[in-house]
Structures are given as C-alpha cells and as structure tokens.
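Below: one structure, written as structure tokens.
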Amino acid sequence: MHALSRQDNINGLQSGVFKGNEKMEQFKLQMNWNQEELEQWALAARQKEEDNLALLKCAAGHFSAWVVLGLVTAVSCCAQIHESR
230 MHALSRQDNI
240 NGLQSGVFKG
250 NEKMEQFKLQ
260 MNWNQEELEQ
270 WALAARQKEE
280 DNLALLKCAA
290 GHFSAWVVLG
300 LVTAVSCCAQ
310 IHESR
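According to this note's numbering, the sequence shown holds residues 230 to 314 in order.
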C-alpha cells in the first residue's frame with residue numbers, strides 16, 4: 230500500500246509538471262504573438278511617418294512652384310502696367 234501511494238504522488242507530480250509545461254507553452258506563444266504585433270505596429274508607424282514626410286516635401290514643392298508662378302505673374306503684370314504708362 231505504501232508503494233501505491235508513492236506512485237500516486239509521482240503520478241500527481243508528473244501531471245502537475247505536464248500542466249505547468251502546457252501553460253508555459255501557451256504563455257510563450259502569446260508573448261511571441263505580442264512581439265509580432267509590436268513589430269508590425271512599429272513598421273506601420275515608420276511607414277506612416279515616411280509617407281507624411283513625402284507628402285510634406287511634395288506639398289512644399291508645389292507651394293514653392295505656386296509662389297514662383299505668382300511672383301512671375303505679378304512681375305509680368307507690373308511690367309505691363311509700367312510699359313503702358
């Protein structure tokens with residue numbers, strides 16, 4: 230009877246270790262998934278920042294072109310007014 234209770238104890242301990250290992254594997258999978266999500270989020274954030282910088286550069290270029298066009302038009306108009314006097 231003493232041997233049977235010892236085997237029961239061993240079986241109980243092995244079962245506990247097995248369940249603990251299962252929980253540990255689930256935790257590792259969850260942590261790995263969270264790491265992948267963080268990496269994807271960081272990549273998306275960098276891409277958004279790069280896109281915003283590209284848009285700002287493009288807008289600045291267009292703005293500069295409009296300013297130059299406006300100055301050229303203004304100078305041209307002034308020259309025409311000056312010539313007509």
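Yeah, the Cβ is synthetic: ideal placement off N, Cα and C, and Gly gets one too.
As the structure is a computational prediction, the values presented were derived from the model and not from experiment.
Whole-angstrom distance between residue j and residue i, CA atom to CA atom
| i | j | result |
| --- | --- | --- |
| C306 | A288 | 27 Å |
| L176 | S293 | It is not possible to answer for residue 176, since the shown part of the chain is limited to 230 through 314. |
| A232 | F247 | 22 Å |
| I310 | G299 | 16 Å |
| D237 | G245 | 12 Å |
| Q259 | A271 | 18 Å |
| K277 | K257 | 30 Å |
Contacts around residue i, its chain only, beta-carbon distance under 6 Å, and the 5 residues preceding and following it disregarded
| i | result |
| --- | --- |
| E266 | none |
| G290 | none |
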